[in-house]
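Asks: My numbering applies: residue 198 is where the sequence shown begins, and numbers increase by one.
By construction, the Cβ of each residue, glycine as well, lies at the ideal position given by its N, Cα and C atoms.
Just so you know, these numbers come straight off a predicted model, no measurement behind them.
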Amino acid sequence: MQNEVGGYENDCSLVRLAPNHYMMIAPTIQQTRCRVWIERHLPADGSVTVNDVTSSYTAICIMGPFTRALLSQLTEVDLSPENFPFFTYKELDVGLANGIRAMNLTHTGELGYVLYIPNEFALHVYTSLMTAGRQYAIRHSGYYAMRALRVEKFYAFWGQDLDTATTPLECGRAWRVKFDKGIDFIGREALLQQREAGVTRMYVQLLVGEHDTESELWAWGGEPIYRDGEYVGTTTTTGYGFTFKKQVCLGFVRNRGQVVTSDYVLSGHYEVDIAGVRYPAKVNLHSPILPTKYPDRERQAYLATRDKMVSEPILVQR
Numbered sequence: 198m199q200n201e202v203g204g205y206e207n208d209c210s211l212v213r214l215a216p217n218h219y220m221m222i223a224p225t226i227q228q229t230r231c232r233v234w235i236e237r238h239l240p241a242d243g244s245v246t247v248n249d250v251t252s253s254y255t256a257i258c259i260m261g262p263f264t265r266a267l268l269s270q271l272t273e274v275d276l277s278p279e280n281f282p283f284f285t286y287k288e289l290d291v292g293l294a295n296g297i298r299a300m301n302l303t304h305t306g307e308l309g310y311v312l313y314i315p316n317e318f319a320l321h322v323y324t325s326l327m328t329a330g331r332q333y334a335i336r337h338s339g340y341y342a343m344r345a346l347r348v349e350k351f352y353a354f355w356g357q358d359l360d361t362a363t364t365p366l367e368c369g370r371a372w373r374v375k376f377d378k379g380i381d382f383i384g385r386e387a388l389l390q391q392r393e394a395g396v397t398r399m400y401v402q403l404l405v406g407e408h409d410t411e412s413e414l415w416a417w418g419g420e421p422i423y424r425d426g427e428y429v430g431t432t433t434t435t436g437y438g439f440t441f442k443k444q445v446c447l448g449f450v451r452n453r454g455q456v457v458t459s460d461y462v463l464s465g466h467y468e469v470d471i472a473g474v475r476y477p478a479k480v481n482l483h484s485p486i487l488p489t490k491y492p493d494r495e496r497q498a499y500l501a502t503r504d505k506m507v508s509e510p511i512l513v514q515r
C-alpha cells in the first residue's frame with residue numbers, strides 16, 4: 198500500500214474472503230495508523246467500507262518442516278501443496294473451533310501457516326496444537342529467532358527496513374507493482390517516474406566476515422556501511438545467520454545522490470562498522486540459495502524471490 202511518493206504506507210497482506218469482501222493483515226503496531234489512513238482514502242460515495250476486526254481474532258503462527266503434518270491431524274481440510282499452495286488462504290476447522298482463517302505463509306521462509314482464530318476458540322486451538330505437536334517436539338519461538346531466519350532469507354519488514362520513504366523499486370519488489378493493469382493507484386505516477394530515472398539507493402544483504410561472534414560485539418542496526426572505503430549507507434536489520442554461521446546485515450546502499458545500479462553495488466568492496474571496528478562483508482542483491490527444511494518444492498518457486506517475473510508459477514508440477 199503506497200503513498201503519493203510511492204513509499205510504503207503499509208506492508209500488508211490481503212485475503213479475498215468472497216467477492217467484494219477482503220481481509221487486510223497489517224503489523225499490529227500500525228492498527229490505528231493503518232485504519233485511519235484507509236478511512237481517509239475511502240470513496241466518497243460510500244461504495245467501500247472498512248471494519249477493524251483486530252480485537253476479534255487471535256493470531257498464532259506455526260512453522261517448521263512438520264507443520265503440514267501437524268495441522269493435517271487437526272483438520273479435515275486438504276493441506277496438500279496442490280490444494281493449499283503457498284501464499285494462499287483457506288478457512289478451516291480445528292476440533293470444535295470453526296471459522297479459522299488460515300494463510301499458507303511465514304516470515305521465515307520455512308513451511309508454515311498463520312492462523313487467525315476467533316478469540317473464543319483461541320485457547321482450544323493452542324492447546325490442540327501443543328498437544329498434537331509433542332510428537333514433533335513443538336516449541337515456542339520468539340521474535341528474535343524469527344528475525345534471525347528472515348535476515349538470512351533477505352526478507353524486509355516494515356518499520357525496520359521499509360518506511361514511508363522506501364519504494365518497491367528500491368528494495369527489489371518492482372515485480373509486485375502492476376503498472377500494466379491499466380488501473381490507477383496512489384503513488385503510481387511517482388513510481389513510474391522513479392522507474393524511468395532510476396533509484397538512488399538499493400536494498401542489500403551483507404554477510405560479515407572476520408568477526409568472532411563469541412568475543413566481539415554484534416551489529417544491532419544503524420551501523421555504517423562502507424564501499425571501497427567510502428560511507429554509502431547504514432544497516433537496518435541485523436542478526437546471526439545460523440546457516441551462514443556469521444553476522445548478517447540488511448541495509449541500503451547509496452551513491453552520493455547518483456543513480457544506483459546492480460553493477461555499482463556488486464563491483465565494490467564492502468565493510469560494516471560495528472562499534473568502531475570495520476569488518477569486511479560480502480554483498481548480495483538476491484535471496485541466497487539456502488538449504489530448506491520443508492519437504493515441498495513450493496517455496497523454491499515462491500514469487501517473493503527477489504526480481505522474479507510475475508508470470509512464473511508458484512508451484513511447478515513434475
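#1: Would you kindly work out how many angstroms separate the C-alpha atoms of residue 304 and residue 417, rounded to a whole number?
#2: Where are the alpha helix (DSSP H) runs, 4 residues long or more, that stay fully inside the segment 329-363, in chain order?
#3: What is the C-beta distance between residue 236 and residue 387, in whole angstroms, given that I count them as a contact (C-beta under 8 angstroms)?
#4: Give the secondary structure of residue 408 by DSSP, where H, G and I count as helix, E and B as strand, and everything else as coil.
#5: Please state the DSSP three-state secondary structure of residue 242.
#6: At 3 residues or longer, and completely inside the segment 389-456: list those beta strand (DSSP E) runs for me, N to C.
#7: Helix, strand or coil, according to DSSP, for residue 308 in the structure here?
#8: What are the start and end residues of the beta strand (DSSP E) that includes residue 288?
#9: With distances taken Cα to Cα, identify the nearest neighbour of residue 436 among 336, 448, 429.
#10: By Cβ distance below 7 angstroms, which residues in the same chain neighbour residue 325 in space, the five residues on each side in sequence not counted?
#11: Which whole-angstrom value describes the C-beta separation of residue 477 and residue 419, a residue pair presumed to lie in contact below a C-beta threshold of 8 angstroms?
#12: Here's a check: name, in chain order, each residue in its chain whose Cβ is nearer than 6 angstroms to the Cβ of residue 299, leaving out the five neighbours to either side.
#13: Excluding five sequence neighbours on each side, which residues of the same chain lie with their C-beta closer than 8 angstroms to the C-beta of residue 487?
#14: Mind checking whether residue 367 and residue 400 have CB atoms under 8 angstroms apart?
#15: Return helix, strand or coil for residue 470, following the three-state DSSP convention.
#16: Do you know whose CA, among 294, 451, 337, lies nearest residue 462's CA?
#17: Would you check if the segment 315-335 and the segment 245-254 touch, i.e. whether three or more CB-CB distances between them fall below 8 angstroms?
#18: Short of 7 angstroms in beta carbon distance, which residues of its chain neighbour residue 219, apart from the five on each side in sequence? Order them along the chain.
Replies: Quick answer:
#1: Indexing the sequence shown from 1 puts residue 304 at position 107. Indexing the sequence shown from 1 puts residue 417 at position 220. Spanning the two alpha carbons is a distance of roughly 20 angstroms.
#2: 340-350
#3: To locate residue 236, count along the sequence shown from 1; it is residue 39. To locate residue 387, count along the sequence shown from 1; it is residue 190. Their Cβ separation, rounded to whole angstroms, is 22 angstroms, which puts residue 236 and residue 387 out of contact at 8 angstroms.
#4: Position 211 of the sequence shown holds residue 408. DSSP places residue 408 in coil when its eight states are reduced to three.
#5: Here residue 242 corresponds to residue number 45 of the sequence shown, with the count starting at 1. In this structure, residue 242 counts as coil in the three-state DSSP scheme.
#6: 398-405, 421-424, 427-438, 443-451
#7: Against the sequence shown, residue 308 aligns to sequence position 111. Of the three classes helix, strand and coil, the one that applies to residue 308 here is coil, per DSSP.
#8: Here residue 288 is taken as the residue at index 91 of the sequence shown, counted from 1. Run containing residue 288: 286-291, per the beta strand (DSSP E) assignment.
#9: Residue numbering aside, residue 436 sits at position 239 when the sequence shown is read from its first letter. Nearest C-alpha to residue 436: 448.
#10: In the sequence shown, the residue the question calls residue 325 occupies position 128. 271, 291, 292.
#11: Along the sequence shown, one-based indexing puts residue 477 at 280. Along the sequence shown, one-based indexing puts residue 419 at 222. That pair is no contact at about 19 angstroms.
#12: Mapped onto the sequence shown, residue 299 falls at position 102. If we look at residue 299 and ignore the five residues flanking it on each side, its Cβ neighbours are 287, 289, 310, 312.
#13: Walking along the sequence shown from the start, residue 487 turns up at place 290. Excluding positions up to five away in sequence, the list reads 306, 349, 350, 440.
#14: Here residue 367 refers to the residue found at position 170 when the sequence shown is read from its first residue. Here residue 400 refers to the residue found at position 203 when the sequence shown is read from its first residue. Contact: yes.
#15: Taking the first residue of the sequence shown as position 1, residue 470 is located at position 273. Three-state DSSP puts residue 470 in a strand.
#16: Within the sequence shown, the letter at position 265 stands for residue 462. Considering only alpha carbons, the answer is 451.
#17: yes
#18: The count along the sequence shown starts at 1 and reaches residue 219 at position 22. Counting only Cβ-Cβ distances below 7 angstroms, and skipping sequence neighbours, we find 211, 212, 213.
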